[in-house]
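Residue numbers (this note's numbering): 2 to 241. Where is the CB? At the ideal position from N, CA and C, for every residue including glycine. All values reported here derive from a predicted model rather than from experimental measurement. To start, the structure under review is shown below, and the notes come after it.
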């Protein structure tokens, strides 16, 4: 799942550049529709995949079974189509930037590495993931943000929650005590997840190394605080 594109080389040295390793999940139609909504910026396409067993002693892998599965792929053409639909006022998801040389975000990469390690993917592939460089967390300086209103408006949580209503003129969410107005052209599943909610702990749990210890703000680790600030930076910079 992600920006999967055709490999530039199929040599043995670069073999992992032409492979995508992961897990196969069985979903019912309802859950598949929800996932399609979350990944609406991507095309869901069928692809033949195979399972394998890593033979650590002989440094080989044994192919077990083949399946036809769906994966999510983003292309430049998809991006242009979404951009046009958004300009026409249609409800579309966020429009990612398609670049072959674009580095992944640090949290995204570390989430892949953690998952690959926990489910026992091929060691060589995990080392390949670890070899990637990534875009680190952005610091968030609230004093440097140019807010749209002056003086800054104060909200009650009740006001934020009321923005869930279809009749609401604006859609709000809260993170770290700051209220953000979200784009009106969000898919319905995004609206249900973000609009009218305090997303601080949600972001904390999305940190790559998060565990079940996240109960409140006092229990956050430094990495979680840095990731929350990175998400605030993205929101304040208009990347949503």
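Cβ separation of residue i and residue j, assumed to be a contact under 8 Å, to the nearest whole Å
i           : j           : result
residue 104 : residue 135 : 6 Å
residue 161 : residue 197 : 6 Å
residue 51  : residue 123 : With a Cβ gap of about 12 Å, residue 51 and residue 123 do not count as contacting.
residue 190 : residue 38  : 4 Å
residue 54  : residue 63  : 5 Å
residue 133 : residue 110 : 6 Å
residue 47  : residue 71  : 6 Å
Local conformation of residue i per DSSP, three classes
i           : result
residue 25  : coil
residue 18  : helix
residue 203 : helix
residue 235 : helix
residue 154 : coil
residue 220 : helix
residue 214 : coil
residue 35  : helix
residue 116 : helix
residue 228 : helix
residue 244 : Absent from the model: residue 244. The displayed extent of the chain is 2 to 241, so no value can be given.
Per DSSP, the bridge partner or partners of residue i
i           : result
residue 55  : 62
residue 46  : 72
residue 67  : 51
residue 136 : 106
query = How do the region 70-87 and the region 165-177 stand: do at least 3 beta-carbon pairs fall below 8 Å, yes or no?
reply = no
query = What runs of the alpha helix (DSSP H), each 4 residues or longer, lie entirely inside the region 159-195?
reply = 189-195
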